[in-house]
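Notes for the one structure printed next.
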Amino acid sequence: MTRLKLAASLLALLTAAPALAQTTSPAVSVAGATAPTAQGGANAVALLRDPTHPAKSVIAVNAKLGGLEFYGLDGQRITAVPGGEIYAVDTREDGPRALVVALDRQAGRLRLFARDYASGAIAAVDARPLQLGYSGEGVCLHRSGRDGALYAFALGDEGQLDQWLLYPTADGKLDGRVVRRLHLSSEAKFCVADDASGALYVAQEAVGVWRYDADPEADPVPTIVDINRLGHLAGEVAGLALINGGKGADYLIAANAEAGDYNVYDRSAGDRFIGAFKVETNGAPAIQEPSGLFGVRAPIGERLPAGGLLIADDRNVGANSKILSWADIAASMKLALGQDTPSVEPSKVALVQATMETQPVAHDGDAADDPAIWVHPTTPAKSAIIATDKKGGMLVYDLSGKQLQYLPDGKMNNVDLRDGFKLGGKAVTLIAASDRTHKAIALYTIDPETRLLTSVADGVQASGLSDPYGLCMHRDRKGDMSVFVSDPDGLVRQYSLTATANGKVRAKAVRDLKFDTQTEGCVADDETGALYIAEEDVALWKLGADARSGPARKAIARVADNPALKDDLEGVGLYIQPKGKGYLILSSQGNNTYAVFRREGDNAYVGSFAVTANGDTDVDGISETDGLDVSSASLGAGLEMGAFVAQDGRNISPPEAQNFKLVPWSKISAKLGLP
């Protein structure tokens, strides 16, 4: 899949326009410049814009072994801060101060500084050395529009691309940890991230410019923006910058050093190349060796009311930074000037953090799939999570995430359970799982004392399906139990479950339901008799769970109609409250969120939530979820209102095999304002 996406991206680029098919690049003059750096060399620049007094903004320039130097907009040096051998720098606003990240290549670490807008004081704010473990080449910052989290992307000389979560400590400093590791095939030196869209652009020296999703839980497959020599780049890119002037005026700028100009790409049109400009003085190049860019679309003094582009000029003598007017660039290329950089709209998705994660499953790749919460009959804290490894078998975890049991019984896909099944003269919890190895229904009971599973299937309970996939259970008002199992071709088959005289359980097909496309996630409401089935690319459907019910169904939510949903629709769970109230939870896999619907009435959509990284516990967020479960039963201290458990399809921090994560329901209900 990764190779197919990359190939499609490259093909789209190469067929979009002929290479270097552009008219002569217009020339733009320099509007200002800083004094030369004290030690010579300038290959990184950033503007620390003062949002209250833009004319008091300062320019940060690397001074190589001299650390960082700071200049006023008049180009005069204000101060210098020791920081090792600085090779890259970026900044973000942070309330009353500007945060600065600098890459110290000599020490192999990230350095963090803050400049107070009111006093102008600059201080180191890193709680400890953030060691890279390799020779760094570039760094850029990203403030997530989803949850406000601050990230730093560090680039290495062997293609490393590490995403660091930067988080505050109790004493007001910043600590960090790697939450995602990507890898390019060769060295990358420059990157820039857009807080509004969540796009991350990376310049790979030997290839060109890539676009990634900056969300650490996102699909790591990039899209190519432009390619060296075959596209609109003559060779190595010498810097990237963004000018965000709003819709229709949102641009990426890349320093096309070998051609001596600066490419401009329309981000509102899929990063389409729209031309280039040169920087000249009296007809001669004004910049000898570009080595880092920084763009801003907001006033930065009287001379630059529409913002500007800063370029680090790493020439042999008099290395400094040049300032260009964005208004001049836009006019020369006949581009829309745009408005001041719009503020990032707060996410409409409620954000919660997981408090527990299970041990990873034993198999790599797409292995963990579906959890089911088992509630201990007398001691809630001894409840367990029963889960599937679709490459190997069944798992049982305690509520701390410790694995209690692994049964290598086959490729188990989905799992569900019901209490009160009469077997051998006593009531037991019956667990059913879709067994893809034997094309069957696996059946188990759980021992309340040991919390271990025992198979109770009366031999192989053949499903008659080509590939048993989704599964959920139902108990009707008479206490009779059944199980629904889906096939990838859209068939959902219902089986009655009955005890045999020898203390085993049999499954018998009693009803077939047909959907146009693949289904997987499903849940039955035993109290109301409703069955909810997620047709992955289409809708969440509601129909009767009783075997005598007909095929009539109603769409609760369609992917095409609800912007909160993005296919695939996967796991479905039911949070049960008294008097028919409660909530349906649906995994919207395409945007890593969970949609919440009312249990009662017409199942109105309530809102969505996402699970993000928990800096306090080092538990990462959840993405690419297949299965989930939710329970309203008390599960002990901290989980008095129950819990939500979901499969994490990526498990990025640290990068490990897939697992399952738990969120207290109290956190979800509080964020969504649920009664």
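In mature numbering (1 follows the signal peptide of the UniProt record, and there is no 0), the protein residues as written are -21 to -1, 1 to 654. C-beta: ideal position from N, C-alpha, C; glycine also.
F576 and Y584 have their alpha carbons spaced roughly 4 Å apart. By the neighbour-count criterion, in which 16 or more other beta carbons inside 10 Å mark a residue as buried, H162 falls on the exposed side. With a contact defined as Cβ atoms closer than 8 Å, L519 and S566 miss out at about 10 Å. Under the DSSP assignment, S311 falls in the alpha helix (DSSP H) whose first and last residues are 305 to 312. Excluding its 5 nearest sequence neighbours in each direction, C119 has C-beta neighbours in its own chain below 6 Å: D69, F132, C170, V171, A172, listed in chain order.
A check of alpha carbon separations from G344 across I631, N22, S645, A649 identifies I631 as the nearest.
The region 178 to 191 and the region 644 to 653 do not touch, with fewer than three beta-carbon pairs separated by less than 8 Å. Counted as a single uninterrupted DSSP element, the beta strand (DSSP E) harbouring S566 occupies residues 561 to 567.
Taking the Cα of V517 as reference, the smallest distance to any Cα among E506, D495, G74, G529 is reached at D495. Annotated as distal: V354 and L432, with beta-carbon spacing of 8 Å or more. Only exposed fits T148, as fewer than 16 other CB atoms lie within 10 angstroms of its CB. Under the Cβ criterion (8 Å, minimum of three pairs), the region 590 to 600 does not count as touching the region 537 to 544. DSSP, read as helix, strand or coil, puts L316 in coil.
P467 is the residue among A233, S434, P467 whose C-alpha sits nearest the C-alpha of D446. Separation of the CB atoms of Y50 and I38 is rounded to 4 Å, and the pair is thereby assigned contact status at 8 Å. Taking C-beta atoms as the reference points, G54 and T13 count as a pair closer than 8 Å. For H453, the beta-bridge partners assigned by DSSP are S461. For Y554 and V609, the gap between their C-alpha atoms comes out near 6 Å. In the displayed model, E259 falls within a strand according to three-state DSSP. Closest by C-alpha distance to G389, out of L396, D368, K401, L383, is D368. The beta carbons of F273 and A25 sit closer together than 8 Å. At the C-beta level, V216 and A234 come within 8 Å of one another.
Contact between the region 335 to 342 and the region 306 to 316 is not established, with fewer than three Cβ pairs separated by less than 8 Å.
Residue E603 holds the alpha-carbon nearest to the alpha-carbon of Q568 among E603, L27, L134.
For S632, no pairing in a beta bridge is given by DSSP.
Where A488 is concerned, the enclosing beta strand (DSSP E) starts and stops at 484 to 493.
Three or more beta-carbon pairs drawn from the region 127 to 146 and the region 83 to 91 are found closer than 8 Å, and the two stretches are therefore classed as touching. Cα atoms of L283 and H32: separation of roughly 13 Å, rounded to the nearest angstrom.
Contact between the region 485 to 499 and the region 434 to 448 is present, with at least three C-beta pairs closer than 8 Å. The C-beta of S587 has 16 or more other C-beta atoms within 10 Å across all chains shown, which makes the residue buried. The C-beta distance from A67 to G117 rounds to 5 Å, short enough to meet the 8 Å contact threshold. Rounded to the nearest whole angstrom, the CA to CA distance from S434 to D426 is 11 Å. The beta carbons of L303 and V7 sit closer together than 8 Å. Its chain contains D95, Y96, A97 as the residues whose beta carbon lies nearer than 8 Å to that of P75, once the 5 sequence neighbours on both sides are disregarded; these appear in chain order. Closest in C-alpha terms to Q110, from the list G46, A102, A81, G127, comes A81. Each residue's CA atom was taken as its position, placing M452 and A411 some 8 Å apart.
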